[in-house]
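Below: one structure, written as structure tokens.
Residue numbers (my numbering), protein chains in the order written: chain R, 1 to 326; chain B, 327 to 620.
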């Protein structure tokens with residue numbers, strides 16, 4: 001072994017869906033320095049050991065977002081991941097294609113679902129034709145206005161967040177973290193004139209499916225923090241439309257339930273979210289749970305000091321318009 | 327050790343077995359839990375969605391209550407842990423702090439930012455220590471394979487919460503080993519239980535819960551254990567629906583964190599409220615092998 005190098009074992013996912021053979025993992029071993037990027041290792045495998053290995057990359061500098069894949073089960077950029085820490089932690093480097101998108105071959109996935117969701121949020125400025133962009137000069141923005149974009153301009157659309165998202169995995173209706181983070185970016189853009197419409201349209205079977213599990217924020221190589229931007233969007237959406245969806249009704253209902261007693265009133269919350277008639281659908285499960293946990297129906301006593309909680313609400317909260325139960 | 331005990335709403339309501347088990351384990355370890363009836367709900371992530379600053383202010387009030395008593399806070403819920411910790415962090419932003427202070431001041435409440443918020447899992451593994459835990463074990467959980475299920479807000483965002491690795495945490499597994507059980511490692515252990523969207527789109531939430539339970543089973547778990555009562559609602563109280571969502575029976579008992587500790591310390595199932603679960607834990611308990619006599 002050359003001095004300063006380590007023996008790096010790569011277990012690489014191999015699959016060609018156009019052929020009958022099932023997916024398999026192929027092992028390659030190389031001598032590399034610990035700071036070698038995973039992408040460089042894969043390119044050496046392709047150049048020196050196996051020209052059939054299929055992968056996608058371009059800039060090798062964490063700018064283009066082409067080489068996102070699963071490295072030891074985490075969605076990340078192969079060019080930004082060094083082999084040393086991976087070997088130290090896992091003993092080997094398992095490389096797989098991103099999740100939540102169909103495999104084209106080996107490490108390349110078809111990103112159409114990801115881009116379709118991006119299109120869905122209309123990722124461009126929508127301007128009011130009656131208010132044309134000022135001719136001959138750019139749109140000046142105050143530092144405060146620029147601050148509102150937060151980290152979103154850093155996004156390189158690598159799809160690592162989409163690959164990591166359990167809501168995307170379970171429900172094709174969910175637009176995914178990147179699309180929503182981008183939507184946030186347009187909603188807070190002072191030049192855009194469609195914020196209200198954007199916030200209304202993203203809510204049914206979309207925005208409120210976010211689990212706020214923060215897996216996207218962990219996966220993002222650019223610290224865009226999509227889960228936090230989705231939180232911001234939810235608050236803006238309630239501001240724009242009131243509590244009209246199950247998701248917003250639940251968030252607002254929860255908030256109100258605490259104002260009155262300090263603690264959560266579980267039954268009141270179910271009623272605020274579903275409405276009285278909608279509660280009927282929950283009756284069967286409610287009875288099953290009640291048999292083991294009779295406190296379900298007990299209304300909590302207001303906490304001592306509930307007037308302090310009310311005081312905080314009086315200072316910081318505004319009541320929302322409630323929509324009808326769906 | 328003396329801590330301000332923050333049970334959270336669920337442990338005082340439908341998840342009362344978690345409170346029972348926590349008190350039993352704390353007593354066994356000589357941890358003094360100080361109750362504060364005036365603690366409010368942490369907002370559970372939902373109030374944060376509706377109004378971020380309000381959520382920080384509610385938790386600043388909770389933190390101020392513990393601070394006034396000179397105590398750090400003990401949580402027994404991943405979500406309470408996340409919300410209280412993040413409030414501490416958000417108060418580092420001068421603009422947020424100014425708004426919160428302005429709301430609290432007329433109420434005579436002040437928070438200086440000195441309170442640490444610790445989840446029971448962290449107190450057991452770091453402050454009590456695994457050696458003390460091992461020494462207290464009366465009935466080692468030999469033969470029992472347990473899949474730990476962490477709950478999102480105990481781990482993420484990791485750069486803010488500053489504790490375990492969000493991908494490869496090991497505190498819970500280390501604790502399970504100290505109790506004599508065999509920890510089961512599976513992808514789902516750091517995933518979401520689906521609870522936050524239970525009221526938004528139940529079939530999707532149930533599919534997510536079912537996947538994690540399935541994953542634990544596929545890796546050989548006899549039971550799961552969780553430090554979060556909200557995960558427990560998804561994984562236990564709604565397991566019948568999760569089974570329907572994945573299309574086959576699941577039948578996997580789910581313990582609360584202090585229940586597995588209590589079992590190994592010799593508590594009876596009744597003392598730990600195990601009879602309150604929707605999925606019976608009897609099968610898992612029957613798998614515990616008495617230690618071989620030397």
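Don't be surprised by glycine CBs; every beta carbon is placed ideally from N, CA and C.
query = Any Cβ of chain B within less than 7 Å of the Cβ of residue 237 (chain R)?
reply = One-based indexing of the first chain puts residue 237 (chain R) at position 237. By this cut-off, residue 237 (chain R) is not an interface position.
request  = Output the distance between the C-alpha atoms of residue 418 (chain B) and residue 232 (chain R), rounded to the nearest integer angstrom.
outcome  = Looking up residue 418 (chain B) in the second chain gives position 92. Looking up residue 232 (chain R) in the first chain gives position 232. Residue 418 (chain B) and residue 232 (chain R) have their alpha carbons spaced roughly 19 Å apart.
request  = Please determine, among R:199, R:65, R:118, the residue with the shortest C-alpha to C-alpha distance to residue 236 (chain R).
outcome  = In the first chain, residue 236 (chain R) corresponds to position 236, counting from 1. Per the Cα distances, R:199.
query = Out of curiosity, what's the CA-to-CA distance linking residue 280 (chain B) and residue 536 (chain B)?
reply = Absent from the structure is residue 280 (chain B), since the part of chain B shown begins at 327 and ends at 620.
query = Within 7 Å (strictly less), CB to CB, does residue 366 (chain B) reach chain R?
reply = Residue mapping note: residue 366 (chain B) aligns to position 40 of the second chain, counting from 1. It does: the Cβ of residue 366 (chain B) has a partner Cβ on chain R nearer than 7 Å.
task = Starting from residue 70 (chain R), follow its DSSP beta bridges and name the residues at the other end.
result = If you number the first chain from 1, residue 70 (chain R) lands on position 70. In DSSP, residue 70 (chain R) forms a bridge with R:75, R:96.
query = Is it a yes or a no for the stretch 581-593 of chain B touching the stretch 466-473 of chain B, going by three-plus beta-carbon pairs under 8 Å?
reply = By the Cβ criterion, the stretch 581-593 of chain B is in contact with the stretch 466-473 of chain B, since at least three pairs of Cβ atoms, one from each stretch, lie closer than 8 Å.
key: Near-chain B residues of the stretch 253-279 of chain R - C-beta to any C-beta below 7 Å   = Flagged, chain order: 254, 255, 258, 262, 263, 264, 266, 273.
CB contact below 7 Å: residue 363 (chain B) versus chain R = Mapped onto the second chain, residue 363 (chain B) falls at position 37. Interface residue, yes.
message = I want to verify the contact list: residues of chain R whose CB lies under 7 Å from the CB of residue 617 (chain B), in sequence order.
response = Taking the second chain and counting its residues from 1, one reaches residue 617 (chain B) at position 291. Chain R residues near residue 617 (chain B): none, gap ~32 Å exceeds 7 Å.
task = Apply the 10 Å Cβ neighbour rule to residue 511 (chain B) and answer buried if 16 or more other Cβ atoms are within range, or exposed otherwise.
result = Locating residue 511 (chain B) in the second chain gives position 185, where the first residue counts as 1. That one is exposed.
ask   = According to the Cβ coordinates, are residue 355 (chain B) and residue 454 (chain B) closer than 7 Å?
value = Sequence index remark: in the second chain, residue 355 (chain B) carries index 29 (1-based). Sequence index remark: in the second chain, residue 454 (chain B) carries index 128 (1-based). Result yes, Cβ atoms of residue 355 (chain B) and residue 454 (chain B) sit closer than 7 Å.
key: Min CB distance residue 301 (chain R) to chain B below 7 Å   = For the purposes of this step, residue 301 (chain R) is taken as the residue at position 301 of the first chain. It does not; no Cβ of chain B falls within 7 Å.
query = Does the count of Cβ pairs from the stretch 353-369 of chain B and the stretch 285-292 of chain R closer than 8 Å reach three?
reply = Judged by Cβ distances under 8 Å, the stretch 353-369 of chain B makes no contact with the stretch 285-292 of chain R, as fewer than three pairs qualify.
query = Would a check of beta-carbon distances place residue 94 (chain R) closer than 7 Å to chain B?
reply = If you number the first chain from 1, residue 94 (chain R) lands on position 94. Residue 94 (chain R) does not count as touching chain B.
ask   = Taking any Cβ of chain C, which residues in the stretch 103-133 of chain R have a Cβ under 8 Å from it, in chain order?
value = Absent here is chain C; the protein component of the structure consists of chains R and B.
request  = Taking the CB atoms as reference points, tell me whether residue 612 (chain B) and residue 581 (chain B) lie closer together than 7 Å.
outcome  = Residue mapping note: residue 612 (chain B) aligns to position 286 of the second chain, counting from 1. Residue mapping note: residue 581 (chain B) aligns to position 255 of the second chain, counting from 1. No, these two residues do not count as a Cβ contact at 7 Å.
task = State buried or exposed for residue 324 (chain R), treating a residue as buried only when at least 16 other CB atoms are found within 10 Å of its CB.
result = Reading the first chain from its first residue, position 324 is the one you call residue 324 (chain R). Its pLDDT being 40, under 50, residue 324 (chain R) is placed unreliably in this model, and the value from its coordinates should be taken loosely. Exposed, because fewer than 16 other Cβ atoms sit within 10 Å of the Cβ of residue 324 (chain R).
ask   = Listing by chain order, which chain R residues have their CB less than 8 Å from the CB of residue 596 (chain B)?
value = Mapped onto the second chain, residue 596 (chain B) falls at position 270. Think of a sphere of 8 Å around the beta carbon of residue 596 (chain B): no beta carbon from chain R falls inside it, the nearest being about 14 Å out.
request  = Determine contact between the stretch 172-181 of chain R and the stretch 440-450 of chain B, defined as no fewer than three beta-carbon pairs at a distance below 8 Å.
outcome  = No, because fewer than three Cβ pairs between the stretch 172-181 of chain R and the stretch 440-450 of chain B fall closer than 8 Å, the two stretches do not touch.
Cβ neighbour criterion (16 or more within 10 Å) applied to residue 346 (chain B) = Within the second chain, numbered from 1, the residue matching residue 346 (chain B) stands at position 20. It is buried - the Cβ of residue 346 (chain B) has at least 16 other Cβ atoms within 10 Å.
task = Would you check if the distance between the CB atom of residue 359 (chain B) and the CB atom of residue 331 (chain B) is smaller than 7 Å?
result = For the purposes of this step, residue 359 (chain B) is taken as the residue at position 33 of the second chain. For the purposes of this step, residue 331 (chain B) is taken as the residue at position 5 of the second chain. Yes, Cβ-Cβ distance for residue 359 (chain B) and residue 331 (chain B) is below 7 Å.
Cβ of residue 606 (chain B) within 7 Å of any chain R Cβ = Counted from its first residue, the second chain places residue 606 (chain B) at position 280. Using beta-carbon distances, residue 606 (chain B) does not count as an interface residue toward chain R, since no partner is under 7 Å.
task = With a 10 Å radius around its C-beta and 16 neighbouring C-beta atoms as the bar for buried, classify residue 479 (chain B) as buried or exposed.
result = For this step, residue 479 (chain B) is matched to residue 153 along the second chain. Around the C-beta of residue 479 (chain B), 16 or more other C-beta atoms lie within 10 Å, and the residue is accordingly described as buried.
query = Mind checking residue 276 (chain R): buried by the 16 CB within 10 Å criterion, or exposed?
reply = The residue labelled residue 276 (chain R) in the question sits at position 276 within the first chain. By the neighbour-count rule (16 or more Cβ atoms within 10 Å), residue 276 (chain R) is not buried but exposed.
ask   = Under 7 Å between C-beta atoms, does residue 323 (chain R) make it to chain B?
value = Looking up residue 323 (chain R) in the first chain gives position 323. Reliability fails at residue 323 (chain R), whose pLDDT of 46 lies under 50, so the model's placement of it is uncertain and the value that follows must be treated cautiously. Among the residues facing chain B, residue 323 (chain R) is not included, as its CB has no counterpart in that chain under 7 Å away.
request  = Taking residue 151 (chain R) as the query, report the chain B residues whose CB atoms sit under 9 Å from its CB, ordered along the chain.
outcome  = In the first chain, residue 151 (chain R) corresponds to position 151, counting from 1. Taking a Cβ-Cβ threshold of 9 Å, none of the residues of chain B is close to residue 151 (chain R); the smallest such distance is about 12 Å.
task = Report the residues of the stretch 76-93 of chain R with a CB closer than 8 Å to any CB of chain B, ordered along the chain.
result = Those residues of the stretch 76-93 of chain R that come within reach of chain B (Cβ to Cβ, closer than 8 Å) are 89.
ask   = For residue 219 (chain R), which option in R:227, R:106, R:161 has the closest C-alpha, if you only look at C-alpha atoms?
value = Here residue 219 (chain R) is taken as the residue at index 219 of the first chain, counted from 1. If we check each option's Cα against that of residue 219 (chain R), R:161 comes out closest.
ask   = With a Cβ-Cβ cutoff of 7 Å, do residue 460 (chain B) and residue 507 (chain B) count as a contact?
value = For the purposes of this step, residue 460 (chain B) is taken as the residue at position 134 of the second chain. For the purposes of this step, residue 507 (chain B) is taken as the residue at position 181 of the second chain. Cβ distance not < 7 Å, so residue 460 (chain B) and residue 507 (chain B) don't count as in contact.
message = Just to confirm my understanding: we take residue 59 (chain R), look at its own chain, exclude 5 residues before and 5 after, and list those with CB closer than 8 Å. What are they?
response = Here residue 59 (chain R) refers to the residue found at position 59 of the first chain. Taken in chain order, the residues that qualify are 66, 79.
query = Between residue 346 (chain B) and chain R, is there a C-beta pair that is closer than 7 Å?
reply = As a position in the second chain, residue 346 (chain B) is number 20, starting the count at 1. Any Cβ of chain R closer than 7 Å to the Cβ of residue 346 (chain B) would place that residue at the interface, and such an atom is absent.
inquiry  = Can you pull the chain B neighbours of residue 73 (chain R), defined as C-beta to C-beta under 8 Å?
reply    = In the first chain, the residue the question calls residue 73 (chain R) occupies position 73. Chain-ordered, the chain B residues with CB closer than 8 Å to the CB of residue 73 (chain R) read 493, 513.
task = Use the C-beta contact count for residue 261 (chain R): other C-beta atoms within 10 angstroms, 16 or more gives buried, fewer gives exposed.
result = For this step, residue 261 (chain R) is matched to residue 261 along the first chain. Counting Cβ neighbours within 10 Å, residue 261 (chain R) comes out buried, since at least 16 surround it.
ask   = Can you tell me whether DSSP reads residue 325 (chain R) as helix, strand or coil?
value = By 1-based counting over the first chain, the position of residue 325 (chain R) is 325. Low per-residue confidence applies at residue 325 (chain R): pLDDT is 37, beneath 50, and the placement is therefore not dependable, though the value from the model is reported in the following sentence. Here residue 325 (chain R) sits in coil by DSSP.
CB contact check: residue 377 (chain B) to chain R, cutoff 7 Å = For the purposes of this step, residue 377 (chain B) is taken as residue 51 along the second chain, with counting starting at 1. Output row for residue 377 (chain B): interface = yes.
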